[in-house]
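Using numbering that gives the first Met the number 0, you'd call the opening residue of the sequence shown number 0 and step up by one each time.
A quick write-up on the structure given underneath.
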Amino acid sequence: MFPWALLFQLAAQKLLWPPKAFWSATPKELDLALGLCGRISLLDRSDLTTMMKQHPDDIETAGQAGE
0 MFPWALLFQL AAQKLLWPPK AFWSATPKEL DLALGLCGRI SLLDRSDLTT MMKQHPDDIE
60 TAGQAGE
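This is the structure we're talking about:
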C-alpha cells in the first residue's frame, strides 16, 4: 500500500505544509520536496483501485477540494 500517512507526516513536520498543500502536490513533487530521490515507489493500479473503493468521490462535491 502507498505510504500516505508517512508522507503526510513528513510533509507536515519537515516542510511545514498545511493539508491543502500536501493534497495538491503530485507524488513527484513530494519526492522532490522531501529529497527522496525516487526512494518511494509510485502508486500502482492495484493500490489506486483499492484507494478508490475505500474513498469514493462524492459526485456533488467532486472537484471542490478544500471547501
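Yeah, the Cβ is synthetic: ideal placement off N, Cα and C, and Gly gets one too.
In three-state DSSP terms, what is residue 16? The count along the sequence shown starts at 1 and reaches residue 16 at position 17. Residue state, collapsed to three classes: coil.
Whole angstroms are fine: how far does the CA of residue 57 sit from the CA of residue 10? For the purposes of this step, residue 10 is taken as residue 11 along the sequence shown, with counting starting at 1. For the purposes of this step, residue 57 is taken as residue 58 along the sequence shown, with counting starting at 1. If you take the alpha carbons of residue 10 and residue 57, they lie about 26 Å apart.
For residue 28, report the span of its alpha helix (DSSP H) as first-last. Residue numbering aside, residue 28 sits at position 29 when the sequence shown is read from its first letter. Its alpha helix (DSSP H) spans residues 26–33.
Rounded separation between residue 2 and residue 59 - CA only: Residue 2 sits at position 3 when you count from the first residue of the sequence shown. Residue 59 sits at position 60 when you count from the first residue of the sequence shown. About 28 Å.
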